[in-house]
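In my numbering, the protein residues as written are 195 to 510.
What follows is a short report on a single structure.
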C-alpha cells in the first residue's frame, strides 16, 4: 500500500542533484558546491519626511556568491580534468572568461522592485564569474589533492543554462594524492616535505549603475554592470619534517630568492614560483615531531596575471 500523507509520490531533493556542474562547458563532479544570488536590501528610517516608521527601502545590485570543493582528478592517460584546468587558468589570469552552469540556480534577472518576490525565477547561465580565492592543498593525511574556490559573479546576458549531464558513460577518473607529488627547489630536493598549500587571491571591484526608469522594461535589471580586478596575489605555505643533520643549511631565513624555482608537481600539473619572497621559517618547539613551516609570496611582473603560464603549466 502507498505511504500516507505527503510521503506518497515524494522525491526529496538531496545534495546529489547539485554535485554536477559545467565550467566553460566542461563537465565537473564536485564534492561540495554552494551558490546563491545575493542582494543587499535594507530599510532606512532616518528620513524626516518618512516619519518614525520604516518608509524608504534601499535595494542594491544583484550578484552571485559561492564556493566549490573538488579533487584534482586525471583520466587514464594522466591528463587533468578539463574543467579543473579552466578553473586554474582563470584564477591565474582573471581577465579570461569563466562560465558556470548548474541545474539548481533559480534566479530573477529583472528588477527586484518591479515584480512579486516569488515569481519570474528562471534557470539562467552564470556567464560572468571571477574566482576570488583559489587554494590547492595536499598532505599525507589527506585522501586526495583538493581544490577549493570562492567566486563572485553575475548574469551578463539573459541566457538559459546548458543542462548539466556527463557527456558519456566513461567518466571514471582517479583523484591525485600525496603519492603523485614531486617537490623541489634550487637548494633542496625537499624530501622531508610533509604538506603544502597554494593560494591565489584576486581582489575584485563590482560596479553597479542605476538604470533610469525611462529605459524599456525588458532592458532594465539590477545586476552588477561589470566586475573589475584590482589586484592579484600568489602565495603558498609548506611544512617540512626536521631531522638531525638534514636540511640544516637550507633553513630559509627570509627574503627574495632569485631563480629559486620552487616547484610542485602533481601528476602532469606543475606549479612553479620563480621568484618567491620568503618569510622566515618557523620551527615551534614541542614534544612532537618538529615541523618547519615556511610561507612565501610570489613577486609578479606586471603582465603575469594577464597571460597564462606564469604559475601553472600542464605537461600534456
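Note that beta-carbon positions come from the ideal geometry of N, C-alpha and C, so glycine has one too.
Item checked: Option in 345, 274, 304 with minimal Cα separation from residue 395 -> Locating residue 395 in the chain shown gives position 201, counting from the first residue. Nearest of 345, 274, 304 to residue 395, Cα basis: 345.
Note to self: Among 214, 232, 315, whose alpha-carbon lies nearest the alpha-carbon of residue 262?
What the structure shows: For the purposes of this step, residue 262 is taken as residue 68 along the chain shown, with counting starting at 1. Of the candidates 214, 232, 315, the one whose C-alpha sits nearest the C-alpha of residue 262 is 214.
Margin query: Taking its Cβ as the centre, do 16 or more other Cβ atoms sit within 10 Å of residue 335, making it buried, or is it exposed?
Written below: Mapped onto the chain shown, residue 335 falls at position 141. Label assigned to residue 335: exposed.
Next item on the list: Starting from residue 499, follow the alpha helix (DSSP H) in both directions and report where the run begins and ends.
Entry: Taking the first residue of the chain shown as 1, we reach residue 499 at position 305. That residue, residue 499, is in no alpha helix (DSSP H); it is neither H nor E in DSSP.
Item checked: Straight-line gap, residue 270 to residue 359 (C-alpha atoms, nearest Å) -> Residue numbering aside, residue 270 sits at position 76 when the chain shown is read from its first letter. Residue numbering aside, residue 359 sits at position 165 when the chain shown is read from its first letter. If you take the alpha carbons of residue 270 and residue 359, they lie about 21 Å apart.
Next item on the list: Look at residue 338 and residue 388 and say whether their C-beta atoms are less than 8 Å apart.
Entry: Position 144 of the chain shown, counting from 1, holds the residue named residue 338. Position 194 of the chain shown, counting from 1, holds the residue named residue 388. Going by C-beta atoms, residue 338 is not nearer than 8 Å to residue 388.
Check: Grouping DSSP H, G and I as helix and E and B as strand, with all else coil, what is residue 344?
Finding: Counted from its first residue, the chain shown places residue 344 at position 150. Residue 344: strand per DSSP, three-state reduction.
Margin query: Are the CB atoms of residue 471 and residue 457 within a distance shorter than 8 Å?
Written below: Counting from one through the chain shown, the residue named residue 457 turns up at place 263. Counting from one through the chain shown, the residue named residue 471 turns up at place 277. No, the Cβ-Cβ distance between residue 457 and residue 471 is not below 8 Å.
Next item on the list: Take the Cβ of residue 420 as the centre, count every other Cβ of all protein chains shown within 10 Å, and call the residue buried at 16 or more, exposed below.
Entry: Here the question's residue 420 lines up with position 226 in the chain shown. Classification for residue 420: exposed.
Notebook entry, point to check: What residue does the alpha helix (DSSP H) around residue 278 start on, and which one ends it?
Noted result: Here residue 278 refers to the residue found at position 84 of the chain shown. It spans 276–286 - the alpha helix (DSSP H) in which residue 278 sits, taken as one unbroken run.
Notebook entry, point to check: In or out: residue 488 buried (at least 16 other Cβ within 10 Å) or exposed?
Noted result: Locating residue 488 in the chain shown gives position 294, counting from the first residue. Its Cβ being crowded by 16 or more others within 10 Å, residue 488 is buried.
Check: Should residue 452 be labelled buried (16 or more other beta-carbon atoms within 10 Å of its own) or exposed?
Finding: For this step, residue 452 is matched to residue 258 along the chain shown. Looking at its Cβ environment, which holds fewer than 16 other Cβ atoms inside 10 Å, residue 452 is exposed.
Checklist line | Sub-8 Å separation of residue 391 and residue 434 beta-carbons | finding: Here residue 391 corresponds to residue number 197 of the chain shown, with the count starting at 1. Here residue 434 corresponds to residue number 240 of the chain shown, with the count starting at 1. No, the Cβ-Cβ distance between residue 391 and residue 434 is not below 8 Å.
Item checked: Residue from 467, 305, 323, 313 whose Cα sits closest to the Cα of residue 235 -> Your numbering for residue 235 matches position 41 in the chain shown. Residue 305 is the option with its Cα nearest to residue 235.
Next item on the list: With DSSP collapsed to three states, give me the class of residue 304.
Entry: The count along the chain shown starts at 1 and reaches residue 304 at position 110. Note: residue 304 maps to coil in three-state DSSP.
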